[in-house]
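Comments concern the structure below.
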Amino acid sequence: MINSNIDEIQRIRRILSEKLDPGRYEHTLGVSFTCASLAMAYGQDIDKAEMAGLLHDCAKRYPDSVLIEKCKKNGVMLTEGELNSPAVVHAKYGRYLAVKKYGITDEDILNAISYHTTGREGMSMLEKIVYVADYIEPRRYKASDLPEIRRLAFKDLDLCMYRILEGTVGYLKAKRSCIAPDTLKARDYFRKLLDNRGADTLN
Ligand code: DGI
Ligand code: FE
Ligand code: FE
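Whatever position you read off the sequence shown (first residue = 1), add 1 for the working numbering.
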């Protein structure tokens with residue numbers, strides 16, 4: 002049987018291919034397919050994962066300052082912590098665009114978009130899948146530990162979340178960037194979860 006969501010996914014893909022620059026669109030497709038793969042590995046809804054991945058960076062075509070203005074204009078609330086970490090604002094405006102422009106109503110998909118940059122405490126499977134896929138998709142090359150993180154993604158999603166969050170916090174500290182409260186809370190949440198599980202989080 003053909004995937005019943007295919008029309009919708011193709012429609013949104015066409016719009017995004019016009020709106021996003023080619024590199025960002027390529028990343029978007031990589032995240033979308035990686036989300037689908039992770040959904041297969043963890044027995045989650047493949048269509049939803051593909052859709053969330055497709056839309057996660059739909060707002061990433063404006064500079065952060067413009068995004069903050071757009072949030073203000075459209076009543077998208079930003080916390081003080083988010084305003085101090087402008088890199089996270091595209092996720093909040095992305096959620097707004099997903100509703101207003103792409104007609105998404107599924108709360109889990111919307112949360113996956115909204116928290117794809119910071120993570121948060123008590124993340125759903127879909128939220129974790131999008132967060133991890135954003136980091137490991139095939140075109141990503143930044144982090145030196147990517148091969149290991151990629152393997153971990155398909156073996157132990159919570160440990161993978163913790164490793165990415167811990168790396169991001171370290172990276173932001175080294176850059177002396179402001180760290181959004183959700184990022185820190187997410188890191189602590191997964192740390193606790195793993196401590197309770199008795200997992201070896203250090204390597
Ligand atoms: O949009 P992408 O580039 O695909 O990926 P992303 O949405 O995860 O954004 C990554 C950037 O966001 C990266 O430069 C690190 C930054 N970031 C993540 N969490 C925080 C953050 N920046 C600040 N200032 N504070 C955070 O908590
Ligand atoms: Fe992003
Ligand atoms: Fe992304």
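We put the CB at the ideal spot given by N, CA and C, even for glycine.
(request) Compute the distance between the beta-carbons of Arg151 and Gly31, then report whether it is under 7 Å. (result) No, they are not a contact pair.
(request) May I have the straight-line CA-CA distance separating Ile3 from Ala53, to the nearest angstrom? (result) A caution first: Ile3 carries a pLDDT of 48, below 50, which makes its placement in the model unreliable, though a value can still be read off. Spanning the alpha carbons of Ile3 and Ala53 requires a straight line of approximately 19 Å.
(request) Report yes or no: do the region 43 to 61 and the region 90 to 107 share at least 3 C-beta pairs separated by less than 8 Å? (result) Contact between the region 43 to 61 and the region 90 to 107 is present, because at least three Cβ pairs lie under 8 Å.
(message) Buried or exposed for Leu68, going by 16 or more other Cβ atoms inside 10 Å?
(response) With at least 16 other beta carbons inside 10 angstroms of its own, Leu68 counts as buried.
(message) Quick check: is any heavy atom of ligand 3 less than 6 Å from the C-beta of Asp135?
(response) Yes, ligand 3 has a heavy atom inside 6 Å of this Cβ.
(request) Give the DSSP-derived three-state secondary structure of Pro1 in the structure shown. (result) In this structure the chain extends from 2 to 204, so residue 1 is not present and cannot be described.
(request) Pick helix, strand or coil for Asn1, following the three-state DSSP scheme. (result) One cannot answer for residue 1 here, as it falls past the ends of the chain, which runs 2 to 204.
(request) Just confirm the distance between the C-beta atoms of Leu127 and Asp146, as a whole number of angstroms; I'd bet it's less than 8 Å. (result) Rounded, the Cβ-Cβ distance is 24 Å, inconsistent with contact.
(message) Please classify Ala175 as buried or exposed, where buried requires at least 16 neighbouring CB atoms within 10 angstroms.
(response) By the 10 Å Cβ count, Ala175 comes out exposed.
(message) Quick check on Gly95: buried or exposed, where buried means 16 or more other Cβ atoms within 10 Å of its Cβ?
(response) Looking at its Cβ environment, which holds 16 or more other Cβ atoms inside 10 Å, Gly95 is buried.
(request) Can you have a look at Val131 and say buried or exposed, based on whether 16 or more other CB atoms are within 10 angstroms of its CB? (result) Label assigned to Val131: buried.
(request) Excluding the 5 residues preceding and the 5 following Ser18 in the sequence, name in chain order all residues of the same chain whose CB lies nearer than 7 Å to its CB. (result) Taken in chain order, the residues that qualify are Tyr26.
(message) Assuming contact is defined by CB atoms lying nearer than 7 Å, are Glu167 and Thr35 in contact in what I supplied?
(response) Cβ distance not < 7 Å, so Glu167 and Thr35 don't count as in contact.
(request) Whole angstroms is fine: what's the gap from Ile7's alpha carbon to Lys143's? (result) Each residue's CA atom was taken as its position, placing Ile7 and Lys143 some 32 Å apart.
(message) Measuring only from the beta carbon, is Asp183 closer than 6 Å to any heavy atom that is part of ligand 4?
(response) Summarising the ligand content, the structure contains ligand 1, ligand 2 and ligand 3 and does not contain ligand 4.
(message) Is Ile47 close to ligand 1? I mean its beta-carbon at under 6 Å from any heavy atom of the ligand.
(response) Result no, Cβ not under 6 Å from ligand 1.
(message) Checking 7 Å against the spacing of the C-beta atoms, do Ala37 and Ala50 come in under that value?
(response) The Cβ atoms of Ala37 and Ala50 sit closer than 7 Å to each other.
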